[in-house]
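Encoded as structure tokens, the structure appears first; notes follow it.
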Amino acid sequence: MSQSFNYRHLFYFWVVAKEGGIARAAERLDMAVQTISAQVRELEKALGVSLLRTEGRNLVLTDAGVAALHEADHIFALGELLPVRVREAATGQTLRLNLGISDGIAKLAVHRLLTPVLDEPHLRLLCHEGEFQPLLGELALHKLDAVLADRAAPPNPALRTTSQLLGTSAIAWYAPPLWAEAAANNFPHSLTVVPV
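Those letters in the sequence shown? Residues 120 to 315, by the working numbering.
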């Protein structure tokens with residue numbers, strides 16, 4: 120794994136951003152102001168961008184700093200889960216999989232997709248059914264581990280999602296003969312002229 124920055128430097132930056140300044144961060148961490156300042160400069164150097172700038176007498180985040188803070192929030196939230204997950208694994212405790220299920224997917228298809236997961240003895244599956252876009256929001260906030268949907272997630276660099284086709288299913292249209300004839304020409308565009 121390639122790593123171009125030091126997580127300790129990221130942590131110091133994170134505390135500075137949360138505390139609203141280097142002096143308050145140094146006080147919270149019981150470190151010298153110069154040390155904290157040097158650590159943040161090292162992170163900026165490694166990333167190749169300025170994360171903080173002075174505005175009057177205040178220190179504020181740059182746009183890159185806001186992005187770094189957002190990612191650091193996720194990184195350190197996941198880091199807080201590490202001891203819990205390790206203890207669960209060491210004691211054989213059950214792991215949880217929070218799965219969002221789009222209400223556009225047939226329940227039979229969901230059952231077939233989840234059958235292998237249901238056979239895992241140390242996995243507790245929690246399913247949350249809902250509309251596609253709100254489920255993606257929950258995924259972005261790490262409240263869900265994955266989402267089963269009838270379509271791929273739209274491209275959005277902020278979400279950092281990956282879509283994987285798990286299967287396909289056939290669909291059939293049934294209509295009275297008159298409507299079927301009207302829809303037969305220029306199908307599927309002709310569906311706009313018949314009641315659906």
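For glycine and all other residues, C-beta sits at the position ideal for the given N, C-alpha and C. Owing to the predicted nature of the structure, the values given are computational and were not obtained by experimental measurement.
Contact between the stretch 207-222 and the stretch 257-268 is present: three or more C-beta pairs spanning the two stretches fall below 8 Å. Residue pairing of Gly219 in beta bridges, as defined by DSSP: His247, Val266. DSSP places Thr154 in the uninterrupted alpha helix (DSSP H) bounded by 152-166.
Excluding the 5 residues flanking it on each side, Ser288 has same chain C-beta neighbours closer than 8 Å at Ala225, Ala228, in chain order.
Assigned with DSSP and collapsed to three states, Arg206 falls in helix. Per the C-alpha coordinates, the member of Val134, Leu232, Arg143 positioned closest to Leu284 is Leu232. The continuous stretches of beta strand (DSSP E) do not include Glu239, and DSSP gives it neither H nor E. A straight line joining the alpha-carbon of Val203 with that of His308 spans about 53 Å.
Distances from the alpha-carbon of Glu190 to those of Ala268, Arg147, Leu260 put Leu260 closest.
Secondary structure at Thr181: coil, using DSSP grouped into helix, strand and coil.
For Leu171, the enclosing beta strand (DSSP E) begins and ends at 171-174. When rounded, the separation of the alpha-carbon atoms in Pro296 and Val313 is 12 Å. In the DSSP assignment, Trp298 falls within the unbroken alpha helix (DSSP H) covering 296-303. 8 Å or more divides the Cβ of Phe132 from the Cβ of Ala196. With contacts defined by Cβ atoms closer than 8 Å, Leu214 and Arg243 form a contacting pair. Note that the C-beta distance between Leu170 and Thr154 is not below 8 Å. Comparing alpha carbon positions, the residue from Leu162, Pro235, His247, Val179 closest to Glu138 is Val179. With a threshold of 16 other beta carbon atoms within 10 Å, Gly211 falls short and is exposed. In the structure shown, Leu200 falls within a helical segment according to DSSP collapsed to helix, strand and coil.
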